[in-house]
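J.: Be aware that the sequence shown starts at 1, since it is given in UniProt numbering, and climbs by one per residue.
Where is the CB? At the ideal position from N, CA and C, for every residue including glycine.
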Amino acid sequence: MARVKAGEAANPAPPTVQRIRIRFAKRGRLRFLSHRDVARSVERAVRRAGVPVAHSHGFSPHPRLSWVGAAPTGTASEAEYLEIGLTSPVEPAALVSALDAALPDGLDILDAVVAEAPSLPDRIDASRWVVELPGVDPAELRAAVDALLALETLVVDRVMPSGRRQIDVRAAVASASVDVTSDDSRASTTGGAGVCAILTAVVRQTTPAVRPDDVLGALDVVAGLRPPVPAKATRMAQGLLDDRGDLADPLGPPRVTTQA
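(1) DSSP three-state label for residue 189, please.
(2) Run the CB neighbour count on residue 166, radius 10 Å, all protein chains shown included, and call it buried at 16 or more, exposed below.
(3) Report buried or exposed for residue 161, applying the criterion of at least 16 other Cβ atoms within 10 angstroms of its Cβ.
(4) Where residue 96 and residue 23 are concerned, what is the direct C-alpha to C-alpha distance, given to the nearest angstrom?
(5) Just mark residue 243 as buried or exposed, buried being the case when its beta carbon has 16 or more other beta carbons within 10 Å.
(6) Excluding five sequence neighbours on each side, which residues of the same chain lie with their C-beta closer than 8 angstroms to the C-beta of residue 116?
(7) Among the candidates 26, 174, 126, whose CA atom is the shortest distance from the CA of residue 109?
(8) Quick one: what does DSSP say residue 63 is sitting in, helix, strand or coil?
(9) Under 8 angstroms: do the segment 192–210 and the segment 39–46 share three or more Cβ pairs, one atom per stretch?
(10) At what residue ranges does the segment 82–163 contain a whole run of the alpha helix (DSSP H), taking only runs of 4 or more?
(11) Checking the sheet assignment: what are the DSSP bridge partners for residue 32?
(12) Please report the Cβ distance between residue 223 and residue 144, rounded to the nearest whole angstrom; I am assuming they are in contact, meaning their Cβ atoms lie under 8 angstroms.
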């Protein structure tokens, strides 16, 4: 076997000539997929679709897929992002169609754009979450949110594989508001008229990341708020948080959008 020269890869792969950034959704029952399950599904879809994905060098090459801020298991999302390295140029519209057809329903490709500086992680520092709380009185939720926002800090404990960690939830919550909707389909489970309080919160990225259940835990601490049935959280957007409280689109123009 030929000896590898100094500075050369043991198993050189074709170079990456283009990077495509993609926004996709995690919907319905597939919200219960872990990030690892989602990554495996995308890798299989890339192979089935014949995408000219670049691979790492070495004896165990891996496809060059870069992920940013994956949503927690059990939460839905309309704003998941990844970047794919390619060995030959591909039109974003063609990549959207090919990958969307190869993925299962519930993992839906929404947008794609050729990557430009700055990097994708540098374009995201916050998320907008919508949390449905069936059976919760909107007035009670507003009072709990007001109590949380009135504080400068509120630390909750989270049990992690490495041990118990303390997380300052209040420092991560940039804004929060309350709405209400009538959902008659929930009446049998809530025992009421199907009223569903809606919490919308913009949460800054922290380490470790503050999740929707951490925010609900903080509302329990400050006001004893405990939903009678499990909440449903959906991430609606990610991006850079500006002075107005809006999130800038990480992909930016131009982009391709599907009506999934």
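T.: Result, derived from the coordinates:
(1) Caution is warranted here: a pLDDT of 42 is assigned to residue 189, below 50, making its placement in the model unreliable, and no coordinate value can be reported.
(2) exposed
(3) exposed
(4) 10 angstroms
(5) exposed
(6) 252
(7) 26
(8) strand
(9) no
(10) 92–102, 138–149
(11) None, per the DSSP bridge assignment.
(12) 4 angstroms
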